[in-house]
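Numbering (this note's numbering), first residue to last: -18 to 173.
To start, the structure under review is shown below, and the notes come after it.
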Amino acid sequence: MKENYLIVDKYCINYYTLAVLPYILTNGTIYSKVYEHDKVFLCKLTPLMIVKTTCGYLGSSYEGRRDGTRKLMTYHHKLPIVIDDFNSIYFFPTHSPRNNNCAWISLHHILDTKKIEVSKVRITFQNLQKIEVDISLYTLRNQIMRTNSLKTLQRYNHEASINPKLTYKSLLVEKQKKLAETQMIYKKKKGK
-18 MKENYLIVDK
-8 YCINYYTLAV
2 LPYILTNGTI
12 YSKVYEHDKV
22 FLCKLTPLMI
32 VKTTCGYLGS
42 SYEGRRDGTR
52 KLMTYHHKLP
62 IVIDDFNSIY
72 FFPTHSPRNN
82 NCAWISLHHI
92 LDTKKIEVSK
102 VRITFQNLQK
112 IEVDISLYTL
122 RNQIMRTNSL
132 KTLQRYNHEA
142 SINPKLTYKS
152 LLVEKQKKLA
162 ETQMIYKKKK
172 GK
């Protein structure tokens, strides 16, 4: 079945964006196939450029969004980012963002995931639209979990900013504290 799409020069991720997938032309040029609730766009920008442009349009930078995730979480690769925290728009990459096969998926639209092959899954969105992505089911579920963790932690910290009884949390800080405690215990045992 042939898919109909609108060709656009640029695109900004919004509440209705389901996914931004790489679309490689026969000459090797990388465009993006963007899925919305009821439309499909073919954009002349790469998926990463669409993410970067959208972050800039919303008053931040892609690098700033990645750095914010890094400060809260314990991992450093394939980082999910909040595109728009006001509208709770979180996206995660399927591969390293520098990889030509990297797609960006919206967290809040996912309804179901199903393994098709070893490294291919079908994602069903809440509007029942389906796409196939080159990623293992394990990796996809891990990315969904990471993105949910980021979203939960950010929401908690937003609550802490208006409720003096709460304290800010960072999984990275918690991990560093545990590591320091472990090192102190080890040094005490070694010093005996």
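Glycine included, C-beta positions come from ideal geometry on N, C-alpha and C.
Whole-number beta carbon distance between residue j and residue i, since they are thought to touch under 8 Å
i, j, result
"R51", "L60", "7 Å"
"L(-1)", "Y16", "4 Å"
"A141", "L134", "Actually they are not in contact, since the Cβ atoms of A141 and L134 sit about 10 Å apart, beyond 8 Å."
Length of the line joining the Cα atoms of residue i and residue j
i, j, result
"V94", "T105", "Checking the sequence shown, residue 94 turns out to be Thr, not Val. Approximately 6 Å between the Cα atoms of the pair."
"F72", "T128", "7 Å"
"Q124", "K20", "25 Å"
"E(-16)", "E113", "14 Å"
DSSP three-state assignment for residue i, whether helix, strand or coil
i, result
"R51", "helix"
"P61", "coil"
"L29", "helix"
"C83", "coil"
"Y38", "helix"
"K146", "coil"
"K96", "strand"
"S77", "coil"
"T175", "The chain is shown only over -18 to 173; residue 175 falls outside these bounds and no answer can be derived."
Residue i vs residue j beta-carbon contact at 8 Å
i, j, result
"L29", "C83", "yes"
"V102", "K111", "no"
"I64", "T35", "yes"
Cβ-heavy atom distance, residue i to the ligand NAP, below 7 Å
i, result
"T7", "What this structure holds is no ligand at all, so the ligand NAP is not there to describe."
Checklist entry - Looking at C-beta atoms only, is the number of pairs between the segment -16 to -7 and the segment 15 to 35 that lie closer than 8 Å three or more? => result Yes, the segment -16 to -7 is in contact with the segment 15 to 35.
Next on the checklist: Pairs of beta-carbons, one from the segment 76 to 91 and one from the segment -2 to 13, closer than 8 Å: are there three or more?
Outcome noted: Put simply, the segment 76 to 91 touches the segment -2 to 13. At least three CB pairs are less than 8 Å apart.
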